[in-house]
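Undergrad:
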Amino acid sequence: MPNLTPTSEVVISGAGLWNPDHVLTNEELVDVLNRYADQYNTEHQAEIDAGELEPVAKSDPDFIAKASGIRQRYVYVKDGILDVDRMRPRIPERADDELSHQAEMALNAARKALAAANKTGQDIDAVIVSCAYTQRAYPAIAIEVQAQLGIDGFGFDMLVACSAATFALHRANEMVRSGTARAVLVINPELTSPQVNYRDRDSHFIFGDVATAMVVERGDQANAEHVYDILGTQAKTVYSNNIRSNFGYVSHAFESDPFAPDKLFHQEGRKVFKEVCPMAAQHLAEQVETVGVDVKDIRRWWLHQANINMNQLITKRLLGHEASQDEAPIVLDQYANTASAGSIIAFNLYHKDLGSGDLGVICSFGAGYSIGSLVLRKR
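Residue 5 is where the sequence shown starts when you use my numbering, and the numbers rise one by one after that.
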């Protein structure tokens with residue numbers, strides 16, 4: 005790896021998006037949940053009548069679409085999710101000497117990002133795999149990807165839930181700016197379906213699986229068709245228990261069920277909405293001001309894709325009106341909440357039409373609480 009000098013120009017020069025082949029619709033999820041509810045409530049009718057147990061609530065597709073804006077999602081493995089006696093994906097375990105599932109997802113997106121940036125593995129000095137979960141603690145998924153791409157450098161994993169992608173882009177920006185790396189490959193292989201409680205009406209529809217990637221490099225070496233200068237980054241975290249997933253290696257040592265509902269994704273959705281929306285709007289306004297531009301100067305907002313109502317409220321506070329699809333693209337109707345990847349999906353699908361000098365903002369917000377953003381200008 006070459007010994008570089010610091011640089012004042014850091015860019016995003018390539019982006020990649022990969023989604024699985026399997027589509028899971030709201031109608032399919034509602035059907036299996038309602039069948040489970042009938043089965044559970046019938047089996048436990050006496051306890052429910054005695055007030056000892058709560059009945060499992062049913063759902064419907066219209067409720068999901070209205071509450072979230074989500075209509076479908078992609079899943080890495082669909083088999084098992086719609087089995088009323090299982091209701092979780094049946095992912096085949098791979099041997100230690102086989103490519104891991106998450107590395108496979110990561111590589112699918114990484115190769116697209118490298119191609120978009122006109123780069124090969126030999127041009128990359130560092131790999132960051134950053135997402136809500138990694139399927140194992142070690143060896144790092146990033147190092148596995150590094151080996152597959154023939155990268156002579158270093159790699160590491162990061163976990164920052166909803167803000168994993170933006171926080172990793174911040175680290176990549178810092179490494180390139182300081183001269184630690186010529187180019188950094190940032191990948192978000194969001195394998196979220198195993199964390200979903202498909203028996204819970206309030207959350208069974210939220211997540212989908214996807215992988216995104218970006219190449220961050222020195223501005224003086226970028227030669228791609230679509231290049232974005234990073235004008236500024238900003239991050240904020242405030243501790244909250246309102247979005248949690250408690251599963252971890254210590255679960256093996258607990259006396260409680262290591263696969264109990266509290267070990268899966270769960271949240272206090274109304275509290276999250278009430279608390280995160282004003283935080284995100286304030287954060288974005290401050291970030292834009294910090295780089296010396298006005299909110300009205302931003303051509304596009306690539307926002308976190310958790311809930312359409314959250315995005316509409318945040319952009320209304322920022323812009324003074326409900327944002328159009330052109331101003332702040334919504335992709336969660338097709339992809340659902342993909343944890344940290346949502347804003348990067350939006351960028352992948354809605355950045356090539358911008359003109360030279362146009363400004364855009366990538367922003368994540370959610371679990372932690374965490375908020376991360378980058379202000380970009382197209383070359």
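Using N, Cα and C, we set each Cβ at its ideal position, and we do this for glycine too.
1. Do the region 166-178 and the region 66-74 meet, that is, are 3 or more Cβ pairs less than 8 Å apart?
2. Once DSSP output is grouped into helix, strand and coil, what is the label at Gln-139?
3. Could you give the DSSP three-state label for Val-164: helix, strand or coil?
4. Please give the ranges of any beta strand (DSSP E) in the region 303-380, keeping only runs that are unbroken, at least 3 residues long and fully inside the region.
5. With a CB to CB cut of under 6 Å and the five nearest residues on each side skipped, what residues in its chain are close to Ala-327?
6. Ile-348 to Thr-342, Cα distance in whole Å?
7. Spell out the partners DSSP gives Arg-248 in its beta bridges.
8. Compare the Cα-Cα distances from Gln-329 to each of Ala-61, Tyr-339, Asn-315 and report the closest residue.
9. I think Ala-114 touches Leu-189, with their Cβ atoms under 8 Å apart; what is that distance to the nearest whole Å?
10. Run through DSSP, which three-state label would His-287 get?
11. Please give the ranges of any beta strand (DSSP E) in the region 167-194, keeping only runs that are unbroken, at least 3 residues long and fully inside the region.
12. Can you check DSSP and say which residues form a bridge with Ile-234?
13. Output the residue ranges of the alpha helix (DSSP H) runs that lie fully inside the region 19-71 and measure 4 residues or longer, sorted by chain position.
14. DSSP three-state label for Ala-228, please.
15. Helix, strand or coil: how does DSSP classify Glu-102 here?
16. Closer than 7 Å by C-beta to Met-218: which residues in its own chain qualify, once you throw out the five before and the five after it? Chain order, please.
17. Our contact map puts Gln-238 next to His-287 with C-beta atoms below 8 Å; I'd like the distance itself, whole angstroms only.
18. Within this structure, are the beta carbons of Thr-46 and Ser-368 separated by less than 7 Å?
19. What does Val-211 pair with, by DSSP beta-bridge criteria?
20. Return the CA-CA distance between Lys-378 and Phe-351, expressed in angstroms with no decimal places.
21. Taking all protein chains shown into account, decide if Arg-90 is buried (16 or more other Cβ within 10 angstroms of its Cβ) or exposed.
22. Check for me: the beta strand (DSSP E) holding Val-79 runs from which residue to which?
23. Pull up the distance between the alpha-carbon of Thr-184 and that of Val-27, whole angstroms please.
24. List the DSSP bridge partners of Thr-124.
25. Would you tell me roughly how many angstroms separate the C-alpha atoms of Val-242 and Gly-370, rounded to the nearest one?
26. Determine the DSSP secondary structure at Phe-158, reduced to helix, strand or coil.
27. Report yes or no: do the region 192-205 and the region 78-96 share at least 3 C-beta pairs separated by less than 8 Å?
28. Only counting the same chain, and skipping five residues up and downstream in sequence, which positions put a Cβ closer than 6 Å to that of Asn-38?
29. What are the residues that DSSP puts in a beta bridge with Glu-221?
30. Check Val-295 in the structure and name its three-state DSSP category.
31. Within this structure, are the beta carbons of Tyr-354 and Gly-212 separated by less than 7 Å?
32. State the Cα-Cα distance for the pair Tyr-40 and His-230, rounded to the nearest angstrom.
33. Which of the three DSSP states, helix, strand or coil, is assigned to Lys-240?
34. Express the C-alpha separation of Asp-129 and Ala-107 in angstroms, rounding to a whole number.
35. For Asp-42 and Glu-272, I'd like the C-alpha separation in whole angstroms.
36. Could you check whether Leu-363 and Ile-302 sit closer than 7 Å to each other, using their CB atoms as the reference points?
TA: On the basis of the data shown:
1. no
2. Note: Gln-139 maps to coil in three-state DSSP.
3. coil
4. 363-370
5. Thr-319
6. Looking at the two C-alpha atoms, the distance is approximately 10 Å.
7. His-270
8. Asn-315
9. Separation of the CB atoms of Ala-114 and Leu-189 is rounded to 6 Å, and the pair is thereby assigned contact status at 8 Å.
10. helix
11. Those beta strand (DSSP E) runs which fall completely within the region 167-194 and span 3+ residues are 187-194.
12. Leu-380
13. 30-47, 49-53
14. coil
15. coil
16. Ile-16, Gly-18, Ala-19, Ala-117, Leu-173, Val-190, Ile-348
17. With a Cβ gap of about 7 Å, Gln-238 and His-287 count as contacting.
18. no
19. First, the amino acid is wrong: residue 211 is Phe here, not Val. For Phe-211, which the question treats as bridged, DSSP gives the partners Asn-341.
20. Before going on, a small fix: residue 378 reads as Leu here, not Lys. Rounded to whole angstroms, Leu-378 to Phe-351 spans 12 Å at the Cα level.
21. exposed
22. 76-79
23. Using only the alpha carbons, I get a separation of about 41 Å.
24. Looking at the DSSP assignment, Thr-124 forms no beta bridge with any residue, so it has no partner.
25. 10 Å
26. Of the three classes helix, strand and coil, the one that applies to Phe-158 here is strand, per DSSP.
27. yes
28. Excluding sequence neighbours, Asn-38 sits near Lys-62.
29. Val-15, Ala-187
30. Looking at Val-295 - three-state DSSP - the assignment turns out to be coil, as it is neither helix nor strand.
31. no
32. 48 Å
33. strand
34. 18 Å
35. 25 Å
36. Yes, the pair counts as a contact, with Cβ atoms nearer than the cut-off.
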